[in-house]
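Chemist:
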Amino acid sequence: MSHRFASFTRASVLAMAALLAGPAFAQQEPCIGNSGPLTGAAAFGGAAVKYGAEIAIDEINEKGGVLGKKLRLIQYDDAGAPPRGVDNTRRVAMSDKCIAILGGYHSTVGLAQVDLVNEIGIPYIGTIAANTKIIENEKSPNYMFRVSAKDKWVAHFLVEQAVKASKNGKIAFIYENTGWGNGAFPDIKAAMKAKGKELVAAETFNWNDQDMSAQVIRIRDAGADTLLIWGLDREGNQIVRSLDKVAFKPTMIAAWGLAGNLGELAGPLANGVRVMQTFSWLGEMDAKTKVIWEKIQKKHGLKDPTELKMGSGTANAYDAVYILAKAIEKAGAYDWKKVREALYQVEHTGLVANYKPAFDKADPERQDAILPEYYRLTAWHDGKLLPIAQTPYGKSQ
Amino acid sequence: MQTALQYIFSGLAIGGIYALVALGFHIMWSTAKAVNFAHGDALMLGAVLAIMGIDVGLPIALAALLAVAASCLFGVILERYAVRPFAKTPTSIGWMLTTIAVGIMLEALVTMQFGGFSRPLPSPGVDKALNILGAGVYPQELLIPAVAVAVMLGFVWMQRSTLIGRAMQAVAFDRNAAALMGIDVNRMFAISFGLASALGGAAGILVAPVTQASAQMGLILGLKGFAVAIIGGVTSAPGVVIAGLAFGIIEKFVEGYISTAAREIIGFSIAILVLLIYPQGLFGKREVFKV
Amino acid sequence: MSARLPLFGFGLFLAFLVVVPLTATNEYELRLFMLFLIYAVVALGLNILVGLTGLVSLGQAGLFALGAYTGAILAVRLGFDLVSASIAAIIIASLFGALLAYPTVRVRGVYLAVITIAFGMIVENVAIEWQGLTGGPMGITGIPKPSAFGIPMTGFRYYTVLAVVLFAVVVVTHNLKRSKYGRAMLAVSQSETAAKSVGLNVTGIRTLAFVIAAATAGLAGVLYAFLNSYISPDTFTFSDSIRFLLMVVLGGAGTTSGALIGAFILTYLPEYLQQLQYWQKFAYGLLLAVVMFVLPMGIVGTAVVVFRRFVPRGRSIDMGNAVNIEAVVRQSVAGQTGSAELVASNLTIRFGGLTALNNVSIRVKPAQIHALIGPNGAGKSTFVNSVTGFYVPDEGRFELDGVNLTGQASYLIARKGLARTFQNTELFGDLTVFENLMVGYQRRLGYTLLDAALRTGRFRRQEEECRRAAISILAFVGLGDFAHEKARFLPFGLQRRLEIARALAAAPRLLLLDEPAAGLTTQEIEELAGMIRQIASFGISILLIEHHVDLIMSVADQVTVLDYGAVIASDTPASVQNDPRVIEAYFGTATVLEQAVS
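Note that the protein sequences, when read in sequence, are chains L, Y and A. Under the numbering used here, the residue at position 359 of the first sequence is numbered 347, and the numbers go up by one with no gaps. Under the numbering used here, the residue at position 89 of the second sequence is numbered 90, and the numbers go up by one with no gaps. Under the numbering used here, the residue at position 420 of the third sequence is numbered 527, and the numbers go up by one with no gaps.
This is the structure we're talking about:
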């Protein structure tokens, strides 16, 4: 009895000591945490990341894992809510003690994770959420990395396309009232300024809005002939329909929120909407892509690549896991700090890009692995989102 | 002028949706003095099942019919197992929470089966926008408020002129007295919930070509439809339809002339103010206070 | 035993709060437990509103958000510390709570539910839209680490802060529940009319409940903001409001331990549901549904019912403490002494085109038994309802001891020493017989909210007096054997008696009995007559509305007859009995009149 009590006390004291000492002494496990939306409206986004990460981990484990240990994927749902993303980060780092955490779909969630990730010091690798400040957060050392697009670069990329496409030089911007949309607004303004221009109109909308006529009327009355869009398919569809209703046909150039099923939703109205992506599973596949696609297909019973919504996220996550695995090998230990250092030395030929190196320690902008040169412009045509060169809209330029 | 007309058309379409949802609440309330907080999900179920029916190759009319039937069944089952056991308790927490629970389950199930994405329901009503005095509107959008008004008239007629309609009102007035008069009270409850949910499912099919269908479409439509029903006076069918259409138009004008952002804030503030001034809603019957 | 049980519970809970952090294996587990402490504060406050007052709030997340944003903004912009930020947040949230309570004056049930839903939606959307202040959809990051009076309150210190706060909230809410405030809330939730008739300010009590629920939610909001150092609108959605409500219902509405258990389960549940991945939301809904079916009274509520099935509670009460009944009912309250005189002059009340009372003047003399009779629809009950403030007379006035009370709220009139019973009994059905009497006694309890929260000496003394008085009255009306029976389970005759007893508990100077003999057996009527005479002998004036001629003849000093809303006679019982106009009013013919004349 007294012995038991003594051991209980000792355990308690140890637990207290461990708690007070903080997580620095914790031993990390060969697992990768993944927090993204598995339920709710953006469940497809969480699934996309999960698919890519799973295939990569399976492949790595087939070859014996990393440092002789098999990797595990620990999946948590953030339901698109930042507080849950933050809680999941804590759980992955403190309870599961994973070596790294993959970032999810929503920029709002990513932004909320920044402080905590750096406070704990667990490497975070973003796979979709593109908000600039998730990565460029002025923290040092910065544990936030990303293998995905960055809105600052996307803004430049799209504004360049817009300036090319616009005949009267009047460009308007419509964006969703979320962390993602609001975060992109300053990036777009900066990119316009770099071109010596200003937006003639900037409008917002909320998720689930069923009519955008008020906004598009204002944009039309501002005289714009080109419209930049930061939004998702559901609202993108309402934008093109409202444009149709007020008989206004600007050139539409969008961030990758419209890369899902806009073509199905809007039918022919979607034709000609240009969308930036990091990867496309549609059209001709190269051999490597084909192998991966077949694995995903088999595992999840998909029929057609169009069923893989937000496929860029799948490709990004696939690359992110490989980069991480290489970093762990280089670090030689399952240790957050060492892995972070090693991430700057990884070179990798991935699905999306040729990473050499993936990240650059000297340049805070280069905590992002995918450079703008790998961004590609696709366009909706007859229900399919194809590389722009394969559509009629590519030829006109 | 042209802009204002555009807002009125868009507002009527959105308001028509609110009115249809609110009518469902009215039908349930005017029999059972309880409602289904998952009524928005009846709407979702109708729309989603119709699309799934088309997916498996059914003709659109058959798919729609089956979807409405399934929604009706949903209402009847929900009333029997989620509302009736709690109808006699003095507070409304019981049926509020059970119906919310059913709504959560249904939404989760549909997200898994149907996907988180919105999907379109094909309809000739959204192929081409009409131009009326410079304002653009889809025929389907004009159809929605028209149907809302037609359904309202139909239900009022049913209440006044059919046996079932009168029996439903009797049950609402005093369920014990109605039972003594030989009315099967439970059957009336089932009929009203089934009718409301069938109407909800049909409304879902009607609005899906405009709003698109998704597992999440029910939640906010349900909440707003409920607010509209209460503002209009849940005991009055014309009241809820008028309130629904007005609410939709006000939303569009707020979006147009104030900001998109202010819409929900102003909308829900109006709801609170109306209830403070008219505790039974704008057109609701006043309950006489008796000691 | 029942007095010791809470103390034992508090001790057990305290031990729990000490042991858990010692056994937590990592920081994450500890943090999760801290979240539970915060949610429990919300649940305990909401329990006062939902469990006791019977009002449903589907906007509690809005109040939680108000607290969190107030605290976060003040901490980030103005450098407020934990204490000052908490005080500010409690004030702001309470103000909004009081605002939310205002509609309850006019709306109830689903209407109120809509108002609370709308309130939650407005707060959420303001948080999203007012970017300059709230950070918009991205919320507020970088909330400073909590500190109080310059001392950092991080890690285990913050845990201690949360544990102390929760423990204090547990004790205070539990104490309030077992005071006149808790009883008044339960009473209001069961019969608003009866509550007014014993002098309860219904609006005030509802406001108090809303303010308590809002203050605790606001406090919890601040604590959450400091714990998380980050807040965003997504924490404060409609489904969060549902979750708070569910905490209360799941544990067992109205019970302190229930709110704690509910909060505990719903804090930890999502952690386990995470394993289900795509199915977790479905499982959550399923669980909610199952709980409502299997445990409609919540975990603790159901457990108590099951426990009572095996260990029934005795219905009777120890009558040893009874004191002299006359002293109990004749006690002077707020300087009011002696028998009251009611003078109603020229009262007129119209309902639409119908004149229910037409120029009625009645004088009830001190310490008299004054009977008011008349055929059905003559306006008797209308008269009672107007002099007790339930109806406002269109013309005329009424005074109690020369003080004009016309147009006053019914609870204020009741506090002047005017007690009544109802034609259709209005009891607090789910309260026990004993508790009904304690609520009746309410206007004599002078202790304050602070006394109740801290169970001061004054509180304990007055409560003891209240108990003793209640026992005496129980003995007087012969309900001692039913003290712990719920009022609605009493046989009809005893319910009538309980209503009279409850009115007596208020130490009335004038008692209005609205058809007390209706539905009673001959034997019961005889007992009633005795009781009425005895009450009058204590010096309480009585206005007796009755049909029962024998009863009136045997007890009344004076009889007033109403017909078609007008007084047609007012005299001693004997003369009224032979008044031809009275006879005509009752029998509707002139033949009796002729006979009487001849």
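Every residue gets a Cβ at the ideal spot worked out from N, C-alpha and C, and that includes glycine. On a predicted model such as this, the values are computed, not experimentally measured, just so you know.
Measure the C-alpha to C-alpha separation of Y/LEU21 and Y/TRP30 and round it to an integer number of angstroms.
Modeler: Spanning the two alpha carbons is a distance of roughly 14 angstroms.
Chemist: Can you list, in chain order, the residues of its chain with a C-beta nearer than 7 angstroms to that of A/LEU240? Leave out the 5 residues immediately preceding and following it.
Modeler: If we look at A/LEU240 and ignore the five residues flanking it on each side, its Cβ neighbours are ILE180.
Chemist: In the DSSP assignment, the alpha helix (DSSP H) including L/TYR332 goes from what residue to what residue?
Modeler: No alpha helix (DSSP H) contains L/TYR332, which DSSP labels as neither H nor E.
Chemist: In this structure, what does DSSP give as the bridge partners for A/THR455?
Modeler: A/GLU502, per the DSSP bridge assignment.
Chemist: Any C-beta of chain A sitting closer than 8 angstroms to the C-beta of L/LEU26?
Modeler: Judged by the 8 angstroms Cβ criterion, L/LEU26 is in contact with chain A.
Chemist: Could you name the residues of the same chain whose beta carbon sits closer than 6 angstroms to that of A/THR374, not counting the 5 residues immediately before and after it, in chain order?
Modeler: Same-chain partners within the cutoff: LEU142, PHE143, TYR146.
Chemist: Where do the ends of the beta strand (DSSP E) carrying A/LYS487 lie?
Modeler: Premise fails: A/LYS487 lies in the alpha helix (DSSP H), 487 to 494, not in any beta strand (DSSP E).
Chemist: How should Y/TRP96 be labelled, buried or exposed, when 16 other C-beta atoms within 10 angstroms of its C-beta is the threshold for buried?
Modeler: Its Cβ being crowded by 16 or more others within 10 Å, Y/TRP96 is buried.
Chemist: Could you tell me which of Y/VAL242, Y/GLN217, Y/LEU98 sits nearest to Y/LEU44, measuring between CA atoms?
Modeler: Of the candidates Y/VAL242, Y/GLN217, Y/LEU98, the one whose C-alpha sits nearest the C-alpha of Y/LEU44 is Y/GLN217.
Chemist: Helix, strand or coil: which one does DSSP assign to A/PHE203?
Modeler: Here A/PHE203 sits in helix by DSSP.
Chemist: Alpha carbon to alpha carbon, how far is L/ALA357 from L/GLY260? Give it in angstroms, no decimals.
Modeler: Taking the straight line from one Cα to the other gives about 29 angstroms.
Chemist: Of all the CB atoms in chain Y, is at least one closer than 8 angstroms to the CB of L/LEU253?
Modeler: L/LEU253 counts as touching chain Y.
Chemist: Would A/GLU97 pass as a contact of A/THR455 if the rule is Cβ separation under 8 angstroms?
Modeler: Because chain A in this structure spans residues 108 to 705, residue 97 of chain A falls outside the shown range and cannot be described.
Chemist: For A/ILE222 and A/LEU206, I'd like the C-alpha separation in whole angstroms.
Modeler: Their backbone Cα atoms lie some 11 angstroms apart in a straight line.
Chemist: What residue from A/GLU633, A/ILE639, A/ALA559, A/ARG215 has the CA that sits closest to A/HIS281's CA?
Modeler: Of A/GLU633, A/ILE639, A/ALA559, A/ARG215, the residue nearest in Cα terms is A/ALA559.
Chemist: Would you please verify whether the beta carbon of Y/ILE15 is less than 8 angstroms from any beta carbon of chain A?
Modeler: Taking Cβ atoms only, chain A never reaches closer than 8 angstroms to Y/ILE15, which makes this a no.
Chemist: Find out if the Cβ-Cβ distance for the pair L/LEU99, L/LYS121 is shorter than 8 angstroms.
Modeler: Yes, Cβ-Cβ distance for L/LEU99 and L/LYS121 is below 8 angstroms.
Chemist: Who are the neighbours of Y/THR99 on chain A, taking C-beta pairs under 9 angstroms?
Modeler: Going along chain A in sequence order, the residues near Y/THR99 (Cβ under 9 angstroms) are LEU395, ALA396, MET399, PHE400.
Chemist: Inspect the CB distances between the segment 376 to 393 of chain A and the segment 186 to 198 of chain A and report whether three or more fall short of 8 angstroms.
Modeler: These segments do not touch.
Chemist: Under 8 angstroms between beta-carbons, which chain Y residues line up against L/PHE161? List them in chain order, please.
Modeler: Those do not exist, as L/PHE161 stays about 14 angstroms from chain Y at its closest Cβ, beyond 8 angstroms.
Chemist: So, under 8 angstroms CB-CB, Y/VAL241 and Y/LEU24 are touching, yes? Tell me the CB distance rounded to an integer number of Å.
Modeler: That pair is a contact at about 6 angstroms.
Chemist: Look up L/ARG60 in the DSSP assignment and say whether it is helix, strand or coil.
Modeler: Three-state DSSP puts L/ARG60 in a strand.
Chemist: Put A/THR248 into one of helix, strand or coil per three-state DSSP.
Modeler: Strand at A/THR248.
Chemist: Can you pull the chain Y residues whose beta carbon is under 8 angstroms from the beta carbon of L/ILE205, in chain order?
Modeler: Near L/ILE205 (Cβ distances below 8 angstroms), the residues of chain Y are THR4, GLN7, GLY257.
Chemist: When you compare the CB of Y/LEU21 with every CB in chain L, is at least one pair closer than 8 angstroms?
Modeler: False, the Cβ-Cβ gap to chain L never drops below 8 angstroms.
Chemist: Are the C-beta of Y/ALA48 and some C-beta of chain L separated by less than 8 angstroms?
Modeler: Answer no: the Cβ-Cβ gap between Y/ALA48 and chain L never drops below 8 angstroms.
Chemist: Helix or strand or just coil, what does DSSP make of L/HIS369?
Modeler: If DSSP states are grouped into helix, strand and coil, L/HIS369 belongs with the strands.
Chemist: Cutting at 7 angstroms between CB atoms, please list the residues of its own chain near A/SER423, excluding the five before and the five after it.
Modeler: GLY587, ASP588, ALA590, listed in sequence order.
Chemist: Between the segment 144 to 157 of chain L and the segment 105 to 115 of chain L, do at least 3 Cβ pairs fall closer than 8 angstroms?
Modeler: Not touching, per the Cβ criterion.
Chemist: Answer yes or no: do L/TYR322 and L/GLU17 have a C-beta to C-beta separation smaller than 8 angstroms?
Modeler: Yes, the pair counts as a contact, with Cβ atoms nearer than the cut-off.
Chemist: Strictly below 9 angstroms CB to CB, what residues from chain Y border A/GLY239?
Modeler: Residues of chain Y passing the Cβ test: none, with the nearest at roughly 12 angstroms.
Chemist: Using a Cβ cut-off of 8 angstroms (strictly closer), state whether L/LYS372 contacts chain Y.
Modeler: Chain Y, which has no Cβ nearer than 8 angstroms to the Cβ of L/LYS372, makes this no.
Chemist: Would Y/GLY117 count as contacting chain L if we go by Cβ distances under 8 angstroms?
Modeler: Interface residue, yes.
Chemist: If I follow the unbroken beta strand (DSSP E) through L/GLY114, where does it start and stop?
Modeler: First-last of the beta strand (DSSP E) with L/GLY114: 112 to 114.
Chemist: For a contact meaning CB atoms closer than 7 angstroms, what does A/GLY243 contact in chain L?
Modeler: Those within 7 angstroms of A/GLY243 in chain L are ASN170.
Chemist: Using the Cβ count rule (16 or more neighbours within 10 Å means buried), how would you classify L/ALA202?
Modeler: The residue is buried, with at least 16 neighbouring Cβ atoms inside 10 Å.
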